[in-house]
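Enquirer: Could you have a look at this structure, given as structure tokens, before my questions?
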Amino acid sequence: MEFVYGKKERMFINTEIGCRAKCSYCYLPNLQQHQKRIDSISSHDACGFVERNPLFHRGEDGTILSIGCYSECFTETNILKTKEIIEQLMPYGNYIQLATKQEVPQSIIDAIIHHRRFEQQVIIYISIPTISAKDQLEEGTSPIRIRIRNIKRCVLNDIPVVLYIKPFIEGVTNKDIRLFMDISRNNNISVVIGERLTVMSMKNPMSASEVGEGKLSNCNNNLLYNRFINSFSKYCRCYKHSTDIIEYYRSMRKNYNDRGMDQ
Ligand code: SF4
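In this note's numbering, the protein residues as written are 10 to 272.
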């Protein structure tokens with residue numbers, strides 16, 4: 010498993026491989042197989058891998074940078090590294106994605122406000138795949154109330170924030186639909202409802218996910234998942250992929266800039 014990998018459209022950056030939270034649905038244990046300990050690199054090394062990669066394209070239409078697909082951005086050991094990465098990479102002007110199930114530290118909010126090139130550059134995805142089964146399925150994550158507080162603090166500070174319902178867990182996530190709708194409506198935020206990822210089987214190699222260096226595939230494209238999305242999309246802006254929001258911001262900003270040029 011590589012700390013930094015991806016394509017020119019999107020790169021994934023990790024300063025750790027492994028996570029202590031032990032969510033029961035997490036794909037990491039299956040990807041890591043016999044590797045028990047958490048490997049790590051410095052933020053400097055992680056940024057260097059990005060900067061020296063010939064596929065990395067700078068700028069807001071360039072490579073989307075996603076931090077933490079093989080780890081959690083805001084564990085005690087990762088907070089400072091995540092802050093250093095965003096501070097070093099924000100000046101390039103690329104969109105940056107941060108997904109978390111932990112508390113977003115004030116130092117990160119301050120760094121984003123201080124260094125971002127435009128308001129939508131850094132987007133925080135507050136991951137809540139279940140509310141009522143949190144204690145059973147997510148041993149080491151922060152309480153739901155802390156994650157809702159993250160949302161409110163981002164809104165208050167004009168940092169784009171998304172309710173990230175990923176992975177959609179059949180028979181679990183769908184039971185909390187009313188609670189999820191309340192969070193989205195009360196805070197007036199968009200929602201991404203993402204498929205569950207599992208280690209890919211050779212039977213279905215066409216559905217490889219962007220995440221996981223070709224070893225993971227999506228496995229939710231079923232009736233319950235689609236019904237959940239349809240119900241949600243009647244009430245708020247709702248996407249299947251985290252990058253859909255960035256496409257929306259790109260077109261919104263392009264329209265805005267084009268209108269400015271016409272005047
Ligand atoms: S917090 Fe994320 S990376 Fe960590 S165990 Fe849970 S799903 Fe996996």
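Using N, Cα and C, we set each Cβ at its ideal position, and we do this for glycine too.
Considering LEU89, what are the terminal residues of the alpha helix (DSSP H) in which it resides?
Expert: 88-98
Enquirer: Less than 9 Å between the C-beta atoms of LEU172 and VAL131, yes or no?
Expert: In this structure, the beta-carbon distance from LEU172 to VAL131 does not fall below 9 Å.
Enquirer: My output table needs one value for ASN39: the three-state DSSP class, helix, strand or coil.
Expert: helix
Enquirer: Quick one: residues in its chain with C-beta nearer than 7 Å to the C-beta of LYS16, no 5 flanking neighbours on either side, listed in chain order?
Expert: LEU64
Enquirer: For the ligand SF4, any of its heavy atoms closer than 8 Å to the Cβ of LEU107?
Expert: no
Enquirer: Decide yes or no for the touch test of the segment 122-131 against the segment 10-24: beta carbon pairs closer than 8 Å, at least 3 of them.
Expert: no
Enquirer: Name the residue from ASN23, SER226, CYS28, ALA30 whose alpha carbon lies nearest to the alpha carbon of ASN55.
Expert: Position check: residue 55 holds Ala in this sequence, whereas Asn was assumed. Nearest option by C-alpha distance: ASN23.
Enquirer: Tell me whether PRO169 is buried or exposed, calling it buried when 16 or more other Cβ atoms sit within 10 Å of its Cβ.
Expert: buried
Enquirer: Taking GLU25 and THR86 to be in contact with their CB atoms under 8 Å, please state how far apart those CB atoms are, rounded to whole angstroms.
Expert: 7 Å
Enquirer: Rounding to the nearest angstrom, what Cα-Cα distance links GLN272 and ASN197 in this structure?
Expert: Annotation note: pLDDT 47 at GLN272 (below 50); position unreliable, no value reported.
Enquirer: For the structure I just gave you, are there three or more beta carbon pairs, one from the segment 227-246 and one from the segment 110-123, closer than 8 Å?
Expert: no
Enquirer: Which residue wins for smallest C-alpha separation from ILE192, given the options LEU165, GLY57, VAL208, ILE153?
Expert: ILE153
Enquirer: Apart from the five residues just before and just after LEU107, which ones in its own chain have a Cβ nearer than 6 Å to its Cβ?
Expert: ILE76, CYS82, ILE133
Enquirer: Would you say the beta carbon of LEU188 is closer than 8 Å to some non-hydrogen atom of the ligand SF4?
Expert: no
Enquirer: If you measure from the CB of GLY149, is any heavy atom of the ligand SF4 nearer than 8 Å?
Expert: yes
Enquirer: What does a CB cutoff of less than 6 Å around ILE155 pick up in its chain, not counting 5 residues either side in sequence?
Expert: GLU112
Enquirer: Which ranges would you report for the beta strand (DSSP E) in the segment 200-257 if only whole runs of at least 3 residues count?
Expert: 200-202, 206-208, 225-227
Enquirer: What is the residue span of the alpha helix (DSSP H) that ALA55 lies within?
Expert: 52-61
Enquirer: On the CB-based measure, 16 or more other CB atoms within 10 Å of its CB, does GLU60 come out buried or exposed?
Expert: Counting of Cβ neighbours within 10 angstroms places GLU60 among the exposed residues, the total staying below 16.
Enquirer: Please state whether the Cβ-Cβ distance between THR72 and MET20 is less than 9 Å.
Expert: yes
Enquirer: Residue range of the beta strand (DSSP E) that VAL170 falls in?
Expert: 170-174
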